[in-house]
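Enquirer: Heads up: the sequence shown begins at 1 in the UniProt record's numbering, then just goes up one per residue. All residues carry an ideal CB built from backbone N, CA and C; glycine is no exception. Sharing a structure here in C-alpha cells format.
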Amino acid sequence: MINLLYFAGIRDLTGVPEEQVLLAGRTVGELLEWAEEKYPGIRGGGARVAINEEYALEGDVLSEGDTAAFIPPVSGG
C-alpha cells in the first residue's frame with residue numbers, strides 16, 4: 001500500500017484529503033495514469049507528485065509504505 005495525499009484544488013477535485021492504494025512497485029507515471037482514470041482532470045492543472053516529501057519523476061518506482069502527495073502549482077510574488 002502507498003498513501004496518497006491531495007492538496008488545495010486537487011483535494012476539491014477528489015473529494016478526499018487522502019487515501020491508500022495498492023500501487024507499490026508501479027511508477028509515478030502509472031500512478032498519474034491511475035489518478036487520471038479515477039479523477040478525470042487531475043493532471044490538467046500541472047500538479048506535481050512528491051514521494052516522501054521529494055518531487056518525483058514519472059519513472060520513479062513506488063515502494064510499499066511510500067507517501068505520494070499531489071501538489072498543485074504554486075505562485076509567489
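If you measure between the beta carbons of I10 and L62, is that distance less than 7 Å?
Expert: No. Outside cutoff.
Enquirer: Can you tell me where the beta strand (DSSP E) holding T27 begins and where it ends?
Expert: Looking at the DSSP string, T27 is not in any beta strand (DSSP E), and its letter there is neither H nor E.
Enquirer: Just confirm the distance between the C-beta atoms of L4 and V21, as a whole number of angstroms; I'd bet it's less than 8 Å.
Expert: Their Cβ separation, rounded to whole angstroms, is 6 Å, which keeps L4 and V21 in contact under 8 Å.
Enquirer: Under three-state DSSP, which class holds L13?
Expert: Of the three classes helix, strand and coil, the one that applies to L13 here is helix, per DSSP.
Enquirer: With DSSP as the reference, label L57 as helix, strand or coil.
Expert: In the structure shown, L57 sits in coil (DSSP, three-state: anything other than H, G, I, E or B).
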